[in-house]
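Chemist:
In mature numbering (1 follows the signal peptide of the UniProt record, and there is no 0), the protein residues as written are -19 to -1, 1 to 186.
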């Protein structure tokens, strides 16, 4: 069964279930090239460790397909054609796969990885797909990366209660901001609110 995880991702009460996986956007390559797919062109939202597929004239007989390797891409910024004002950024981490950038500050990047992929609703809300079975479910998890860091740190699943170990992982990672680290350890909020506290992370205080 495919379930939609809408907690924390904005527009939660109004995200359209008619989510698009073929969207408009821009592919930013590591060599500085910027490749735009808008109007009648489309990008397939990336997932797992796959190549990024893009199409010129996506809905016509003249459709042309282009593929880009994750290793050559800096990031992909996408939006639903009806919600261009709500762009969503995706970043590839070799140790994890294609992640959605939940938010980013000058000091830290917070990502969400959904093994089953992503969708964007007609109002711009992000949807992360998760398959749930009787005994297991596909990965839907938070990752952190400090500015200048090369790897992502797994801190826990998205849709679980915020237990002490979750807060402790975050606090250890940001121990160069002792005040915020202590605030997180003492917090008693759910995981989404705990993660949002990282918007105040500033190791230069």
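Here a beta-carbon is modelled for each residue, glycine too, at the ideal position from N, C-alpha and C.
Would you kindly check if the distance between the Cβ of residue 69 and the Cβ of residue 94 is under 8 Å?
Modeler: Not in contact: residue 94 and residue 69 (Cβ atoms no closer than 8 Å).
Chemist: Going by DSSP, what residues sit across from residue 65 in a beta bridge?
Modeler: According to DSSP, residue 65 bridges with nothing at all.
Chemist: Under a Cβ-count criterion, where at least 16 other Cβ atoms within 10 Å of its own Cβ denotes burial, should residue 106 be classed as buried or exposed?
Modeler: When all chains shown are included, residue 106 counts as buried.
Chemist: Would residue 190 pass as a contact of residue 61 if the rule is Cβ separation under 8 Å?
Modeler: Examination of residue 190 is not possible in this model, given that the chain is present from -19 through 186 alone.
Chemist: Between which two residues does the beta strand (DSSP E) holding residue 15 run?
Modeler: 15 to 18
Chemist: Checking the sheet assignment: what are the DSSP bridge partners for residue 53?
Modeler: None; residue 53 has no bridge partner.
Chemist: Buried or exposed for residue 158, please, with buried defined as at least 16 other CB atoms from any protein chain shown within 10 angstroms of its CB.
Modeler: Residue burial is scored here from C-beta neighbours: residue 158 has at least 16 other C-beta atoms within 10 angstroms and is therefore classed as buried.
Chemist: Going along the chain, which residues of its own chain have a beta-carbon closer than 7 Å to the beta-carbon of residue 76, five neighbours each way excluded?
Modeler: 132 and 133
Chemist: Using CA atoms only, rank isn't needed, just tell me which of 89, 7, 102 and 126 is closest to residue 37.
Modeler: 7
Chemist: Give me the residue from 104, 128, 122 and 101 with the minimum Cα distance to residue 111.
Modeler: Comparing Cα positions, the closest option is 122.
Chemist: Just checking my contact of residue 83 with residue 91 at CB under 8 Å: how many whole Å lie between their CB atoms?
Modeler: 5 Å
Chemist: Sort 64, 50 and 49 by Cα distance to residue 20 and report the nearest one.
Modeler: 64
Chemist: Less than 6 Å between C-beta atoms, sequence neighbours within five positions excluded: which residues of the same chain meet that for residue 79?
Modeler: 27, 28, 71 and 73
Chemist: Taking the CB atoms as reference points, tell me whether residue 124 and residue 155 lie closer together than 8 Å.
Modeler: Not in contact: residue 124 and residue 155 (Cβ atoms no closer than 8 Å).
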